[in-house]
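Notes to accompany the following structure.
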Amino acid sequence: MKKHYNVLILVALTTALISCSGESNNSSESNHNPGPYYVEFVSCEKGSDYSKESLTSMIKAWRALAVSDDLRGSFLYEPLNDGYAFGNSMWWELEWEDKNAADNAWNDWQGNDETSSWAEEYSEVLNCDGEGRNAWDILVPISSQYFDGSNDSGYFYSQYWNCSYKDNAGRQDLENFLPLHSAKIKSSPLEGTGYHYGVYFDRRSEQASHSEVDVAHIWGEWASSREAMEIQNKNFSDNFQDVFEEFDKIGSCADSPDTYDSWVLYLRGDRDSMPVF
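With our numbering as the guide, the letters of the sequence shown map in order to residues -15 to 261.
And the structure:
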């Protein structure tokens, strides 16, 4: 019963969001809104019926349910390695306009007959801890379309850096740093990579499934493929020393990122697209 309730809660969240972090394929940089937006990550374990085919059926059926206009986007992440700070589960990300929109969507969807039927049918595909969702604010300074290179399949490659603040630094110091970082990226030769990035600021409650993980903020990076991300990684290594020196005054991050195969499940500005797993 709890499993079905958790999946039900996940549906509620996903009915109103975005994050690759969340931008319509038709959006241009000129009208890009960096946020902040309210994001929830839901931890999901593969069930006994999990396969690419069953996952496709599950998402197709979910997409057929009513989706709130407050849901900017939804994304799914599958870890590529073991030993991550946030564990080795899959993650279903929900990006909302704000916390109030998320809470209202959860309330609206609980007890819905169609949602309950969906949860029952696919409970052995993904078992998701909706009650323990992990909340963050996110800023996405650069549009997902700035460097082009998105995939029709909805696939993208992700790397996430778990970070902390130094001394008395905090969120405002990091936000003040981002224009310098973004300007350097925009001047980089990354055309066709689909590269963009976002910064997540911790808003987890004690009830979050991973509240014990000691992380203050996370840098998320997204590109069209692993190879495209390697172009940016080399760009960082070769050309960003001056930017790193400024960031070093504010925070520090893990030596290596957590990496994921990732898919766009839903975008508010492109409701007809379906991912290909």
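Where is the CB? At the ideal position from N, CA and C, for every residue including glycine.
Using only the alpha-carbon positions, how far apart do Met74 and Ser208 sit? 19 Å
Given 8 Å, three or more beta-carbon pairs between the region 215 to 234 and the region 102 to 121: no
Restricting to runs no shorter than 3 residues, where is the beta strand (DSSP E) found entirely within the region 133 to 160? 139 to 149
Nearest to Glu79 by CA position, among Pro20, Asn219, Thr177, is which residue? Pro20
Beta-carbon separation (whole angstroms), Ser142 vs Ser246, contact threshold 8 Å: 4 Å
Taking its Cβ as the centre, do 16 or more other Cβ atoms sit within 10 Å of Asn17, making it buried, or is it exposed? exposed
Does Val109 pass the burial test, meaning 16 or more other C-beta atoms within 10 Å, or should it be called exposed? buried
Can you give me the Cβ contacts of Leu162 inside the same chain, cut-off strictly under 6 Å, excluding the 5 residues immediately before and after it? Pro125
Would Ser236 and Lys150 be called neighbours here (beta carbons separated by less than 8 Å)? yes
Would you call Val260 buried or exposed, if buried means 16 or more other Cβ atoms sit within 10 Å of its Cβ? exposed
Can you tell me whether DSSP reads Thr243 as helix, strand or coil? strand
Just verifying my parser: in three-state terms, what is the DSSP assignment at Arg252? coil
Looking only at its own chain, which residues have a Cβ that is under 6 Å from the Cβ of Ser172, when we skip the five neighbours before and after it? Asn219
Relative to the C-alpha of Glu190, which residue among Ser137, Ile215, Asp198 is closest? Asp198
Skipping 5 residues on each side, what residues in its chain have a beta carbon closer than 6 Å to that of Glu262? Because the chain is modelled from -15 through 261, residue 262 falls outside the range shown and cannot be assessed.
Residue span of the alpha helix (DSSP H) that contains Asp100, given as start and end: Residue 100 is actually Ser in this sequence, not Asp. It spans 97 to 105 - the alpha helix (DSSP H) in which Ser100 sits, taken as one unbroken run.
Taking the beta carbon of Glu214 as the centre, do at least 16 other beta carbons fall within 10 Å, making it buried, or is it exposed? exposed
Is Tyr(-11) helix, strand or coil when you go by DSSP? Bear in mind that a pLDDT of 43 at Tyr(-11), under 50, signals an unreliable position, so the number given afterwards is only what the model happens to contain. In this structure, Tyr(-11) counts as helix in the three-state DSSP scheme.
Length of the line joining the Cα atoms of Asn223 and Lys30: 40 Å
Express the C-alpha separation of Lys83 and Tyr68 in angstroms, rounding to a whole number. 27 Å
Please identify the residue among Thr40, Leu49, Tyr61 whose C-alpha is closest to the C-alpha of Phe140. Tyr61
Identify, in the order they occur along the chain, each residue of the same chain with its Cβ nearer than 6 Å to the Cβ of Arg210, setting aside the five sequence neighbours on each side. Tyr141
Taking Ala50 as the reference, which of Phe25, Glu98, Glu81 has the closest Cα? Glu98
For Asp232, which three-state DSSP category applies? coil
Contact belief for Asp121 with Phe25 at Cβ below 8 Å, rounded distance in angstroms: Actually they do not touch by this definition, with Cβ atoms about 12 Å apart.
Expected contact under 8 Å - CB spacing of Leu64 and Thr243 to nearest Å: 5 Å
Under the criterion of a Cβ to heavy atom distance below 7 Å, does Val109 qualify as lining the ligand NAD? Looking at this structure, you won't find the ligand NAD or any other ligand, since it has none at all.
Relative to the C-alpha of Asp256, which residue among Glu104, Gly138, Phe70 is closest? Gly138
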